[in-house]
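Below you'll find the structure, written out as structure tokens, and then a few comments.
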Amino acid sequence: MRVLVTGGAGYIGSHTLVELLADGHEALVVDNLSNGFQEALNRAKQLSNKHFGFIDCDIRDAVSLGKAFAAFKPDAVLHFAGLKAVGESVEKPLAYYDNNVGGTLSLLRAMDAHGCQRIVFSSSATVYGTPHYLPLDEAHPLEPVNPYGQTKLMVETMLRDWAGDGRKACALRYFNPVGAHESGRMGEDPRGIPNNLMPYVAQVAIGRRDALNVFGNDYDTRDGTGERDYIHITDLAHAHLASLRALDDLADFEALNIGTGAGTTVKELVDAYAQAAGREIKCYYVGPRAGDVASTIACPKQAQAKLDWTARLNIDDASRASWHWQSQNPEGYGE
Ligand SMILES: NC(=O)c1ccc[n+]([C@@H]2O[C@H](COP(=O)([O-])OP(=O)(O)OC[C@H]3O[C@@H](n4cnc5c(N)ncnc54)[C@H](O)[C@@H]3O)[C@@H](O)[C@H]2O)c1
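Encoded structure:
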């Protein structure tokens, strides 16, 4: 397939790009580099040893996007481009609605104008809001508790309405993506203070930060710390390939959980990382953060059945891969 990859210079997009090229697809990346890296694309090129195109543009720029569609004539779109920080979305809600919802609207218009009928979208487990039960299945109520989650739900709604008459859309509700490419050449490189746990732990391990603040150790979990379902970035990338393969046989719109079905607590993740790095990770236990829940775990059965996909890697694999990346690239991509 010829696949247009929005947000392909970002964390998940760049890792998926490498797997996409290895699977024999052709790719064109569209990214405004607001949170992605040219160097990630350089490394994707080295690792895959394949050529792909790159257009530095915003997906809300209809003229540039239209030119990209006209020149590349994609069969499908992998849509990663978006803003993703929950806290920032509370401070700047309109920027999130503009980028995530407005960006997708612009993308769907370009797809319609150029007869492109397949899209796989990066949704998120945040669409569920506070869990009523675990594991979270796709029938769980959709009650996002912040603007970021609202934008993901709005995009899912747009895709549901757009799909039909040959148009196919699949929203993958990611749980917590972690890890790095096995080569150690690509990984997660947050700008500023990491919002996610594993990159924070990685920066403590490499000495860029002093210690990890663990928010809450009195939850109703195995060891009192919060529990999440961590999905290895390589498994996540493969879920996108599986979606592209399955798309024509799926319902016009599908929303599928992408997780492992197993939880890891903060303490277990820190222990796994310390083991992988052979270093102690200093932790301070502080009070719980407002809005955090004890546990979030996916029921991934629908994705397993409909995509013929299953997560194969675990938190130890992700910790080793992340440390390989972080120790070889202490300052990330270095831009
Ligand atoms: N990382 C996670 O924990 C997580 C979890 C669930 C869902 N997601 C979703 O997955 C997608 C990818 O996440 P990621 O972790 O790779 O984030 P990322 O920030 O590393 O990648 C997003 C990429 O999109 C680009 N981008 C953003 N807005 C754009 C625009 N308007 N036009 C063109 N390019 C634009 C950025 O420059 C960046 O390269 C996002 O939509 C995110 O919401 C991420």
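Residue numbering for the sequence shown follows the numbering used here, starting at 401 and increasing by one per position. In this text, a Cβ means the ideal position worked out from N, Cα and C, and glycines have one as well.
- Arginine 573 places its beta carbon less than 8 Å from that of alanine 655.
- The region 532-542 and the region 576-588 do not touch, with fewer than three beta-carbon pairs separated by less than 8 Å.
- DSSP places alanine 655 in the strand class (E or B) of the three-state scheme.
- Annotated as distal: isoleucine 633 and proline 700, with beta-carbon spacing of 8 Å or more.
- For leucine 433, the CB contacts under 8 Å within the same chain, skipping 5 residues up- and downstream, are Ala409, Asp456 in chain order.
- Placement of the Cβ of glycine 410 at a distance of less than 7 Å from at least one heavy atom of ligand 1 is found.
- At a cut-off of 3 residues, the continuous stretches assigned as beta strand (DSSP E) that sit fully inside the region 620-681 are 630-632, 653-658.
- Every beta strand (DSSP E) of 3 residues or more that sits fully in the region 485-549 is shown, in chain order, as 518-524.
- With a threshold of 7 Å, the Cβ atom of serine 643 does not count as near ligand 1, since no heavy atom of the ligand is closer than that.
- By the neighbour-count definition (other C-beta atoms within 10 Å, threshold 16), glycine 626 is a buried residue.
- Contact fails between the region 549-563 and the region 709-726, because fewer than three Cβ pairs, one in each stretch, are under 8 Å apart.
- Contact check between the region 456-474 and the region 507-524: three or more CB pairs, one atom from each, fall below 8 Å, which counts as touching.
- Within the same chain, and ignoring the five residues on either side of phenylalanine 454 in sequence, the residues whose Cβ sits closer than 6 Å to its Cβ are Val429, Leu441.
- Going by beta carbons, lysine 706 and alanine 646 fall inside the 8 Å limit.
- The beta carbon of tyrosine 574 sits closer than 7 Å to at least one heavy atom of ligand 1.
- Relative to the Cα of methionine 401, the nearest Cα in the group His425, Ser414, Leu420, His415 belongs to His425.
- The beta carbon of glycine 587 sits closer than 6 Å to the beta carbons of Ala580, Trp725 from its chain, once the five residues preceding and following it are set aside; these are given in chain order.
- Apart from sequence neighbours up to five positions away, the residues of its chain that approach tyrosine 528 with a beta-carbon distance below 6 Å are Leu536, His540, ordered along the chain.
- The region 556-572 makes no contact with the region 684-693, as fewer than three CB pairs between them are under 8 Å.
- Contact check for glycine 503 against isoleucine 459 passes: the beta carbons are separated by less than 8 Å.
- DSSP places lysine 568 in the uninterrupted beta strand (DSSP E) bounded by 568-574.
- DSSP lists Leu612 as the beta-bridge partner residues of cysteine 683.
- Judged by DSSP in its simplified three-state form, isoleucine 455 adopts strand.
- The Cβ neighbour count for lysine 682, taken over all protein chains shown within 10 Å, is under 16; the residue is labelled exposed.
- By the Cβ-count criterion, glutamine 603 is buried, with 16 or more other Cβ atoms from all chains shown falling within 10 Å of its own Cβ.
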